[in-house]
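Residue numbers (our numbering), protein chains in the order written: chain S, 1 to 415; chain P, 1001 to 1415. Structure first, then comments.
Number of protein chains: 2
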Amino acid sequence: MSLLKGACIIGQSGGPTSVINASAYGAIKTALESDCITKVYGASNGIKGVLDDKLIDMGMEDPTELAHMKYTPSSALGSCRYKLKDSTVDDTDYMRILEIFKKYDVRYFFYNGGNDSMDTCNKISKYMLAQGYECRIMGIPKTIDNDLAGTDHCPGYGSAAKYIATSVMEIYHDARVYDTGMITIVEAMGRNAGWLTASAALANYKGNGPDLIYLPEVPFDLEAFLEKVSEIYKKNTKCIAVVSEGIRDKDGKYISEYGADLSQSKDSFGHAQLGGLASFLANEAKKRTGAKVRGIELSLLQRCAAHSASQTDIDESFLAGKSAVEYAISGITDKMAGFERSYVDGKYVCNIKLFDLTIVANTEKKVPLEWLNSTRDGLNEKFIEYALPLIQGESQLAREDGLPRFVKLKKVIAK
Amino acid sequence: MSLLKGACIIGQSGGPTSVINASAYGAIKTALESDCITKVYGASNGIKGVLDDKLIDMGMEDPTELAHMKYTPSSALGSCRYKLKDSTVDDTDYMRILEIFKKYDVRYFFYNGGNDSMDTCNKISKYMLAQGYECRIMGIPKTIDNDLAGTDHCPGYGSAAKYIATSVMEIYHDARVYDTGMITIVEAMGRNAGWLTASAALANYKGNGPDLIYLPEVPFDLEAFLEKVSEIYKKNTKCIAVVSEGIRDKDGKYISEYGADLSQSKDSFGHAQLGGLASFLANEAKKRTGAKVRGIELSLLQRCAAHSASQTDIDESFLAGKSAVEYAISGITDKMAGFERSYVDGKYVCNIKLFDLTIVANTEKKVPLEWLNSTRDGLNEKFIEYALPLIQGESQLAREDGLPRFVKLKKVIAK
């Protein structure tokens, strides 16, 4: 191990989560306290902030104010969805990144995001190595989708799962209030991996859950779905189903597209009409049963509801950011600081484990089919055992006037 | 005042709120502890439970378990939307109610609901008086809509307002994460009164709020709206608007119907397609600006999100139920236990005040126009001053395994 002195950049990328700032704060705080790291910059809107020479001087922020970052949803530094080209095809961006790194003597780069961000990390790392520019590059995972390979789970998932399970429990009570019939369809995020949708099963574990859960891992049969809903409705006069936005039929067609077809998707200007999957399925169920129906899209709230974040998730996310910086200082590069689970005396413990960026960048982790029930419209105890530890603890978010006290950064741009 | 011994019935009616059970629990607990009240029955699904002779013996519930009712959303006893006919037109229901009251020696009737429930109370009260059957009848208000006349505010509103303001603050952070443009339209409940939608202004008060707020109290001009959104978007590349589900144009047509018209509302079976107002407006904004848009319907969650209820609202709701029982025991009848606000040393204080049921039943309280800003697309400090005390305090809801611990009633039906 060699001691490497220099500045660091921390960037955030991809879609928001309730806790991505907890990771960023873990990294920023640790970097600010380190003797090795001379300056701490936040990239304004991820890698675009590097390309645009828009770096926030994190040392100028008030430490007490900065601490609120741990509980503020979405990316406080700003995010982007910018994919670097292969450097062998076009190295313009890489040359610019190197230029900026040299300008600010950046020797540490931390990137906080999902698959694409790990890919960005990996590409920059390889380029810097090829150029002989010494720089340690670490990925810090985040995604509500929980689909990153290697790591036991992803920062952000626990909070989203907690929000979904809690909301479904509340919807369960709401939807049963009358003695008349009601069918409720709830739509959760997760285009290819069903982790978020599956978290509704945690509500079942508490006896206040949905009758049916459909993940994108299993081909969706509209007719079979309507038959099942109809059967449950006839028996109980109530039926709640939670579906993933990404459910597809056996031919791979998104069920959400069925709705768009039906409502003659284009308006007079040729624009597609927005049509929610939950509304479409609710409407189909209405046709089949005549029941009162309600379609509910959890929408953005499932990824930004910091007020109901899991404190376990917040603490683990912070730890991932902190560890990434500590490992980099100790000489590690080109890794992602992910999680490994163990049980000590039957109690869940989460430790940091390093993963190769290449593995993370190019694989997508799905819900194991053996965690589904036999009819594949629900989850079994294996999933509950997996997910339950991740949603523990209430967020210690500060409140002011009965509302969340989110961080307010000065964002002084470095010259 | 005369001492009246006998049983009581507590019923819940109308749509769910996060805290209607806090009121019911306040009434049930107080009744169970009273010497005057010999038996405490919960009406299963409101007045329908009385008509169907389906009364839950609340004395059979475990007191510790029952205490969870205070934090459980929706109506634990079940609700209904049953409107009694005028007794001079058809007194069948009234005769049946009297029969049940006599069967169980019911001398106290508490009904927990909105305008229609106060109307039910009032009608039963008048009938019993005419029949010479001694019975004390009290209304306990609830409605997220906050539209009951007389009372300063309604149990349920504070929690819904807190949820909406919190969610809009979180959406604010989410919607600004990229440096690309984005227009977000959030739809809140409240068909005729804009109290719920107005509560988004509390997010503004914290500096994380919407650019525009549209209440049903003000005629909505689609063209003017799109111009304003377009202007803000051009200036800031972000625009968030919160609209009431009940906004209407100057001719009184619901804007939500515009969307239904556009998407050729009927499908091949002749059923109306469900079309969200938020999606419609977002789509129109997209056509006008080319921006990325998102329509978010807060849906059921705004009325049942007990996990983010206001403890002030919970405590006040409990007090309303408790006071209704205490006043009835002391000899009062035919009143609603509402709220009166005062300020002691500048500090908000909420006291119980009794209101005539007739006043409450037939009037609808709207947001005063002088609480809107000059352009009528936002609220001013008068609204903030009114609403802020109502959202204070975090719910002391018990948790189990990281999820809410809601009440589980045995519901033993009385014979």
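Don't be surprised by glycine CBs; every beta carbon is placed ideally from N, CA and C.
Classification of residue i by the beta-carbon crowding that lies within 10 angstroms, buried from 16 upward
i, result
"N115/S", "buried"
"P219/S", "exposed"
"T1092/P", "exposed"
"G132/S", "exposed"
"N1380/P", "exposed"
"Y1343/P", "exposed"
"E231/S", "exposed"
"A193/S", "buried"
Beta carbon proximity, residue i to chain P, threshold 8 Å
i, result
"S74/S", "yes"
"I164/S", "no"
"K266/S", "Its pLDDT being 43, under 50, K266/S is placed unreliably in this model, and the coordinates cannot settle the point."
"C350/S", "no"
"I296/S", "yes"
"A398/S", "no"
"N204/S", "no"
"S299/S", "yes"
"A309/S", "no"
"G402/S", "yes"
"S244/S", "no"
"A306/S", "yes"
Beta carbon proximity, residue i to chain S, threshold 8 Å
i, result
"Q1443/P", "One cannot answer for residue 1443/P here, as it falls past the ends of chain P, which runs 1001 to 1415."
"I1171/P", "yes"
"D1211/P", "no"
"K1048/P", "yes"
"H1068/P", "no"
"F1406/P", "yes"
"G1276/P", "yes"
"A1043/P", "no"
"R1136/P", "no"
"S1167/P", "yes"
Of the residues the options, the one placed nearest residue i, counting alpha carbons only
i, options, result
"A1007/P", "K1102/P, S1023/P, T1088/P", "K1102/P"
"I1137/P", "H1068/P, H1153/P, S1117/P, I1144/P", "S1117/P"
"G139/S", "N283/S, Y133/S, N122/S", "N122/S"
"G1393/P", "M1182/P, E1316/P, D1334/P, Y1041/P", "E1316/P"
"G1059/P", "S1034/P, N1045/P, I1047/P", "S1034/P"
"H1307/P", "C350/S, L397/S, T166/S, A291/S", "T166/S"
"V40/S", "P389/S, R303/S, F110/S, S256/S", "F110/S"
"C239/S", "D179/S, W195/S, Y254/S, L196/S", "D179/S"
"K234/S", "M182/S, K253/S, S23/S, L212/S", "M182/S"
"R1248/P", "N1283/P, D1221/P, A1337/P, L1301/P", "D1221/P"
"K1162/P", "T1184/P, R1191/P, P1141/P, L1202/P", "L1202/P"
"A1002/P", "A1414/P, L1055/P, G1331/P", "Position check: residue 1002/P holds Ser in this sequence, whereas Ala was assumed. That would be G1331/P, whose Cα lies nearest to the Cα of S1002/P."
"A1198/P", "I1384/P, Y1127/P, A1361/P, S1279/P", "I1384/P"
"K411/S", "I56/S, Q12/S, R81/S", "I56/S"
"G1011/P", "D1062/P, A1324/P, N1373/P", "A1324/P"
"C1350/P", "I1329/P, V1360/P, T1358/P, T1312/P", "T1312/P"
"A224/S", "I164/S, M169/S, A285/S, T120/S", "A285/S"
"L66/S", "L403/S, A414/S, G402/S, A398/S", "A398/S"
"S74/S", "V106/S, G290/S, Y258/S, A160/S", "A160/S"
Beta-carbon spacing of residue i, residue j below 8 Å
i, j, result
"D152/S", "R288/S", "no"
"T1072/P", "N1021/P", "yes"
"K382/S", "W371/S", "yes"
"H150/S", "F355/S", "Checking the sequence, you will find Gly at residue 150/S rather than His. Cβ atoms of G150/S and F355/S: closer than 8 Å."
"G321/S", "G295/S", "no"
"I1171/P", "C304/S", "yes"
"D1174/P", "I1100/P", "no"
"S430/S", "F318/S", "Because residue 430/S is not part of the residues shown, which for chain S are 1 to 415, the question remains open."
"R1191/P", "E1245/P", "yes"
"V367/S", "E217/S", "yes"
Residue-chain proximity (residue i, chain B), Cβ-Cβ < 8 Å
i, result
"S1117/P", "Within the model displayed, chain B is absent; protein chains S and P are what it includes."
For the region 177 to 197 of chain S, which residues have a beta carbon sitting closer than 7 Å to at least one beta carbon of chain P? Residues are counted here when their Cβ sits less than 7 Å from a Cβ of chain P; for the region 177 to 197 of chain S these are V177, Y178, D179, given in chain order.
Beta carbons nearer than 9 Å to chain P: which residues of the region 74 to 92 of chain S have them? Residues S74, S75, A76, G78, S79, C80, R81.
Residues within the region 139 to 155 of chain S neighbouring chain P, beta-carbon criterion of under 7 Å: Listed in sequence order: no entries.
Of all the residues that make up the region 6 to 19 of chain S, which are near chain P by a beta-carbon distance shorter than 7 Å? Residues of the region 6 to 19 of chain S with a Cβ closer than 7 Å to any Cβ of chain P, in chain order: P16.
Near-chain P residues of the region 335 to 348 of chain S (beta-carbon distance less than 9 Å), N- to C-terminal order: Answer in chain order: no residues at all.
Name, going along the chain, the residues of the region 209 to 242 of chain S whose beta-carbon falls closer than 9 Å to a beta-carbon of chain P. Here the close residues number zero.
Can you give me, in chain order, the residues of the region 353 to 370 of chain S that have a beta carbon less than 7 Å from any beta carbon in chain P? Cβ contacts with chain P come from no residue of the region 353 to 370 of chain S.
Contact residues within the region 1369 to 1388 of chain P, judged by C-beta distance below 8 Å to chain S: Cβ contacts with chain S come from L1388.
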